[in-house]
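Per our numbering, the sequence shown starts with residue -5, numbered consecutively. Ideal Cβ positions, reconstructed from N, Cα and C, are used throughout, including at glycine.
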Amino acid sequence: MELQLYLQPVSADLFPADAQSVRRKLVNTIEVYRANGPFPDLDHAGLAIIGVEEGRGNADNAGCAKAPDAIRKAFYELYCHWPDIKIVDLGNIKAGHSIEDTYFAIKTVVGQLVRNNITTIILGGSQDLTFANYQAYENTGQLINIVAVDPAFDLGQDEETLSAYSYLSKIIMHQPNYLFNYTNLGYQSYYIDADAVGLMNNMFFDVYRLGLVKSQPEETEPYVRNADMLSFDITAVRAADAPGNARPVPNGFTGEEACRICRYAGMSDKLSAIGFYEFNPSFDRQEITAGLIGQMIWYFIDGFAHRLNDLPTEGSRDFARYNVRIEGNEDDVVFLRSKKTDRWWIDLSSGRKDRKKYERHYFVPCSQKDYDSALQDDIPDRWWQFYQKLM
């Protein structure tokens, strides 16, 4: 497939004459699709960057379509610490004649990259593009997990057209459906209808309030480790650290916390796409938000460079196995601990008949805290939610 049919070269304005003076900056180490230059060779590429100049999905944040190159300007100025990782920048998907045309282009390009085992970094654009990213997995034959870092759930109203405020309901209702689990990190209760929290719980989705995530930042890692794709709404970061949005919020993650989440995401052996959305350069102050997103991408790549390749497999001798009997529970809760990395999983593979359909989801990332809770006869929430999905 000729991916360049959907992509436009990166603007020459991002490559000033003096850019060659510091060879180790990312602007000189990434293979970029430039005007009058060749399309990057994807052989042996580990990471691909694509911009999407589309903002029609959020009329309240007009101008977010200009985000990709503003992010690049900040990102390119950072130093490369990973000379052995081939990173390509494939340019921008221009807004189509209709927004559906843009969705189709994203689905096609990201889908091809995922099938080629190239992890994709998407520079949005409005957050409804998450739906198109989801569609990219349609032909993989896999059920996938989505993590969203977002102050709201973006369920929208009944029969509402697809937008940045309703993309999640469109994913849930989409047929064929290949969503296994959705996790929200950092929702803020005053932006959420109480009934929506109940709905999330009834669907056995994982939703975690901002205060809880901030108080236990290390517990974020297992949730992100389980993701196939991650959607980051920049309004999840407080306005003081990310003012670049038409409707910034006063509370949220700090810049440091956002970078931590992105590094966790990069370290996930499962994750194959991450998108950054709702940044609007028109409202940025001294390019603070662009700089932060550039650093978030840097930390994502740093995590990618330190992937541990310790996903459990049945019968592997690389894991210690712990069977915990909980009073009143018919089945033992089985934990696995990697002997190589000390990371933990819950094993739900025992006795399953539908092995092919759910084989990617039998091993649920967790932390030692979950194991310690089980020793106190407290069933971990992670075990319960995934057990219900697999019943």
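Taking only the alpha-carbon atoms, compute the straight-line gap between residue i and residue j and give it to the nearest angstrom.
i      : j       : result
THR177 : LEU(-3) : 31 Å
GLY260 : PRO306  : 18 Å
VAL46  : ALA188  : 33 Å
LYS383 : TRP377  : 10 Å
PRO374 : SER343  : 17 Å
ILE116 : ALA233  : 22 Å
SER157 : TYR184  : 21 Å
PRO10  : PRO211  : 39 Å
ASN22  : GLU308  : 43 Å
ALA314 : HIS38   : 34 Å
ASN323 : ASP371  : 9 Å
PRO34  : LYS80   : 11 Å
PHE403 : ARG18   : Because the chain in this structure spans residues -5 to 385, residue 403 falls outside the shown range and cannot be described.
GLN121 : ASN55   : 11 Å
GLU132 : TYR172  : 7 Å
LYS101 : GLU94   : 10 Å
ALA150 : PRO77   : Correcting the residue type first, residue 150 is Gly in the shown sequence and not Ala. Those two C-alpha atoms are separated by around 44 Å.
TYR181 : GLU251  : 15 Å
CYS74  : ASP148  : 35 Å
LEU41  : ILE112  : 5 Å
ILE282 : ARG254  : 18 Å
VAL231 : ILE291  : 15 Å
ILE166 : MET194  : 11 Å
VAL82  : ILE24   : 6 Å
LEU20  : TYR70   : 5 Å
ASN30  : LYS264  : 36 Å
TYR352 : ARG331  : 21 Å
ILE320 : VAL104  : 43 Å
TYR202 : ASP366  : 20 Å
GLN106 : ASN86   : 16 Å
ALA126 : ASP341  : 32 Å
ASP63  : ASP144  : 23 Å
TRP339 : ASN196  : 24 Å
TYR356 : ASN220  : 11 Å
PRO32  : GLY249  : 36 Å
GLN380 : PHE329  : It should be noted that the sequence gives Phe, not Gln, for residue 380. Each residue's Cα considered, the two are about 14 Å apart.
For the alpha helix (DSSP H) that contains residue i, what are its first and last residues?
i      : result
ASN22  : 20 to 23
ILE93  : 93 to 109
ILE255 : 249 to 261
LEU384 : 375 to 384
ALA61  : 61 to 69
TYR0   : Neither: TYR0 is in no alpha helix (DSSP H) and is coded neither H nor E.
TYR128 : 123 to 129
Following the continuous beta strand (DSSP E) through residue i, name the residue where it begins and the one where it ends.
i      : result
ASN139 : 138 to 143
ALA267 : 267 to 271
VAL358 : 357 to 360
THR113 : 113 to 117
Sort out for me which residues DSSP pairs residue i with in a bridge.
i      : result
ASP83  : VAL26 and ILE43
ILE340 : PHE329 and VAL358
VAL4   : ARG28
TYR73  : LYS19
LYS363 : LYS363 is not bridged to any residue.
LYS88  : GLU47
How close, in whole Å, do the beta carbons of residue i and residue j come, if the pair is a contact with beta carbons under 8 Å?
i      : j      : result
PRO275 : ALA130 : Going by Cβ atoms, the distance from PRO275 to ALA130 rounds to 26 Å, so no, they are not a contact pair.
SER266 : THR114 : 7 Å
LYS88  : GLN2   : 5 Å
TYR159 : ILE140 : That belief does not hold up - the Cβ atoms of TYR159 and ILE140 are roughly 17 Å apart, past 8 Å.
PRO216 : CYS58  : About 31 Å separates the two Cβ atoms, so there is no contact after all.
PHE277 : ALA236 : Contact doesn't hold; Cβ gap of about 10 Å is too wide.
PHE226 : TYR271 : 7 Å
TYR293 : ARG257 : 4 Å
ARG392 : LEU137 : Not covered by the structure: residue 392. The range shown for the chain is -5 to 385.
Taking only heavy atoms of the ligand MG into account, decide whether any of them is closer than 8 Å to the Cβ of residue i.
i      : result
TRP377 : As presented, the structure is devoid of all ligands, the ligand MG included, so that no description of it is given.
- Which runs of the beta strand (DSSP E) spanning at least 3 residues fall entirely within the region 146 to 233, listed in chain order? Runs of the beta strand (DSSP E) lying entirely within the region 146 to 233 and spanning at least 3 residues, in chain order: 173 to 181, 200 to 203 and 223 to 227.
- Message: Threshold first: 4 residues or longer. Then list the alpha helix (DSSP H) segments lying entirely within the region 282 to 327, N to C.
- Response: For the region 282 to 327, whole alpha helix (DSSP H) runs of length 4 or above, ordered along the chain, are 282 to 299.
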